[in-house]
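Written out below as structure tokens is the structure these notes cover.
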DNA sequence: TTCGCATTTGCGAATATTTCGCAAAAACGC
DNA sequence: GCGTTTTTGCGAAATATTCGCAAATGCGAA
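Chains as they are written, first to last, in the working numbering: chain A, 74 to 227; chain B, 74 to 227.
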């Protein structure tokens with residue numbers, strides 16, 4: 074189900090210059106599994122807050138300290154493994170293994186994934202303007218999702 | 074210097090269906106002034122955290138409670154006046170009077186503004202994919218800014 | 001493998017941050 | 001102006017985040 078198995082997770086960490094520890098692998102796998110299959114009408118939560126990460130890991134039987142989660146997401150973000158998004162009033166983290174993109178509704182907070190395929194080369198012109206390289210850039214669209222717009226228009 | 078004077082701020086609040094109070098006008102003006110002129114080689118900070126907003130207002134002689142700032146940014150964000158971005162480890166807020174766009178460096182946290190003009194119609198095709206309307210959508214690019222990429226490549 | 005060094009973890013505690021309830025104050029429509 | 005509704009400040013509680021340090025772990029070299 075997950076796009077990332079234990080083996081890949083390990084390699085990813087090594088390549089990213091991050092020491093491989095049980096805790097870090099766990100965080101990585103959890104975030105990977107959050108991506109899961111995408112068959113739901115409304116995508117499930119792909120981004121998790123530090124607290125959610127900790128809670129879910131503990132619920133899954135892992136033994137990890139909250140402080141470690143904080144340190145881990147910080148390290149991961151610096152290594153470019155994660156991507157932080159402001160959702161409602163919390164910072165949530167999503168896997169950034171492959172550049173991918175999001176649309177975040179400013180009203181309901183829902184995060185919709187946009188695959189690079191869907192985006193095609195519509196991104197390149199936009200990046201040109203910024204000087205960022207498309208290799209490691211991600212785009213987040215903030216706005217009203219279609220359903221919230223309907224509600225608010227009423 | 075600011076793109077927003079007292080008069081405009083008031084009108085903006087009214088149109089947004091937000092009650093006009095001294096505190097809210099102050100927050101709005103502060104964020105507007107954060108935009109300032111854009112002549113610096115490195116853009117100054119255009120997005121502020123709740124704490125920064127409070128500190129700067131107090132430093133400027135205003136009398137406002139931290140709790141009010143929290144409530145205000147929440148209200149503003151809902152009204153579509155602000156836009157939240159995850160920067161480093163904090164949520165920061167920037168004015169969203171006119172849709173505008175950002176590039177956030179995941180390494181140094183710097184936020185670069187992209188004007189709608191610069192973007193031209195490069196945005197529309199991207200929004201098509203999401204179903205979001207271009208009227209109220211903003212784009213944030215996350216990645217390595219050119220200078221951080223150089224540093225990290227070394 | 002085993003050893004040694006550098007990094008990471010957990011823990012406990014110190015700090016920050018954010019939310020809440022409530023009474024007083026301020027805004028808005030009439 | 002007047003009454004109603006919303007917002008504010010305050011104090012306190014609930015959460016969240018960071019820190020220091022000793023023990024544990026990972027990783028490269030021998």
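All residues carry an ideal CB built from backbone N, CA and C; glycine is no exception.
Predicted model, so just to flag it, every value in this text is computed and none were measured.
Which residue or residues does DSSP assign as beta-bridge partners of residue i?
{"i": "residue 168 of chain B", "result": "B:155"}
{"i": "residue 188 of chain A", "result": "None; residue 188 of chain A has no bridge partner."}
{"i": "residue 175 of chain A", "result": "A:186, A:213"}
{"i": "residue 121 of chain B", "result": "B:166"}
{"i": "residue 160 of chain B", "result": "B:163"}
Can you tell me whether residue i is buried or exposed? The criterion is at least 16 other CB atoms within 10 Å of its CB, across all chains shown.
{"i": "residue 167 of chain B", "result": "buried"}
{"i": "residue 210 of chain B", "result": "buried"}
{"i": "residue 134 of chain A", "result": "exposed"}
{"i": "residue 97 of chain A", "result": "buried"}
{"i": "residue 165 of chain B", "result": "buried"}
{"i": "residue 203 of chain A", "result": "buried"}
{"i": "residue 95 of chain A", "result": "exposed"}
{"i": "residue 197 of chain B", "result": "exposed"}
For residue i and residue j, what's the separation of their Cα atoms in angstroms?
{"i": "residue 83 of chain A", "j": "residue 105 of chain A", "result": "13 Å"}
{"i": "residue 100 of chain A", "j": "residue 85 of chain B", "result": "43 Å"}
{"i": "residue 155 of chain B", "j": "residue 176 of chain A", "result": "16 Å"}
{"i": "residue 119 of chain B", "j": "residue 125 of chain A", "result": "30 Å"}
{"i": "residue 132 of chain B", "j": "residue 150 of chain B", "result": "24 Å"}
{"i": "residue 139 of chain A", "j": "residue 123 of chain A", "result": "8 Å"}
{"i": "residue 192 of chain B", "j": "residue 199 of chain A", "result": "7 Å"}
{"i": "residue 102 of chain A", "j": "residue 160 of chain A", "result": "22 Å"}
{"i": "residue 116 of chain B", "j": "residue 163 of chain A", "result": "Because the pLDDT of residue 116 of chain B is 46, which lies under 50, any placement of that residue in the model is unreliable, and the number read from its coordinates should be weighed accordingly. If I take the Cα positions, the gap works out to 26 Å."}
{"i": "residue 146 of chain B", "j": "residue 80 of chain A", "result": "44 Å"}
{"i": "residue 91 of chain B", "j": "residue 158 of chain B", "result": "22 Å"}
{"i": "residue 205 of chain A", "j": "residue 148 of chain A", "result": "22 Å"}
{"i": "residue 87 of chain B", "j": "residue 78 of chain B", "result": "14 Å"}
{"i": "residue 107 of chain B", "j": "residue 107 of chain A", "result": "37 Å"}
{"i": "residue 188 of chain A", "j": "residue 174 of chain A", "result": "6 Å"}
{"i": "residue 183 of chain B", "j": "residue 190 of chain B", "result": "21 Å"}
{"i": "residue 142 of chain B", "j": "residue 127 of chain B", "result": "6 Å"}
{"i": "residue 185 of chain A", "j": "residue 178 of chain B", "result": "22 Å"}
{"i": "residue 223 of chain B", "j": "residue 215 of chain A", "result": "29 Å"}
{"i": "residue 201 of chain A", "j": "residue 129 of chain B", "result": "35 Å"}
{"i": "residue 213 of chain B", "j": "residue 144 of chain A", "result": "25 Å"}
{"i": "residue 219 of chain A", "j": "residue 121 of chain B", "result": "28 Å"}
{"i": "residue 152 of chain B", "j": "residue 137 of chain B", "result": "21 Å"}
{"i": "residue 169 of chain A", "j": "residue 221 of chain A", "result": "27 Å"}
{"i": "residue 113 of chain A", "j": "residue 195 of chain A", "result": "Since pLDDT at residue 113 of chain A reaches only 45, below the 50 mark, its modelled position is unreliable, and no value is offered."}
{"i": "residue 93 of chain A", "j": "residue 93 of chain B", "result": "53 Å"}
{"i": "residue 89 of chain B", "j": "residue 89 of chain A", "result": "46 Å"}
{"i": "residue 217 of chain B", "j": "residue 217 of chain A", "result": "27 Å"}
Interface residues of the stretch 205–223 of chain B facing chain A [CB-CB below 9 Å] | Here the close residues are 205, 206, 207, 208, 209, 210, 211, 212, 213, 214, 215, 216, 217, 218, 219, 222.
Using a Cβ cut-off of 8 Å, which residues of the stretch 127–155 of chain B contact any Cβ in chain A, in chain order?
-> Within the stretch 127–155 of chain B, the qualifying residues are 147, 150, 151, 153.
Check distances from the C-beta atoms of the stretch 186–197 of chain A to those of chain B and list, in chain order, the residues that come in under 8 Å.
-> If the cut-off is 8 Å between Cβ atoms, the stretch 186–197 of chain A has 187, 191, 192, 195, 196 near chain B.
Cβ-based contacts, 8 Å cut-off: residues of the stretch 88–111 of chain B near chain A = Cβ contacts with chain A: none found.
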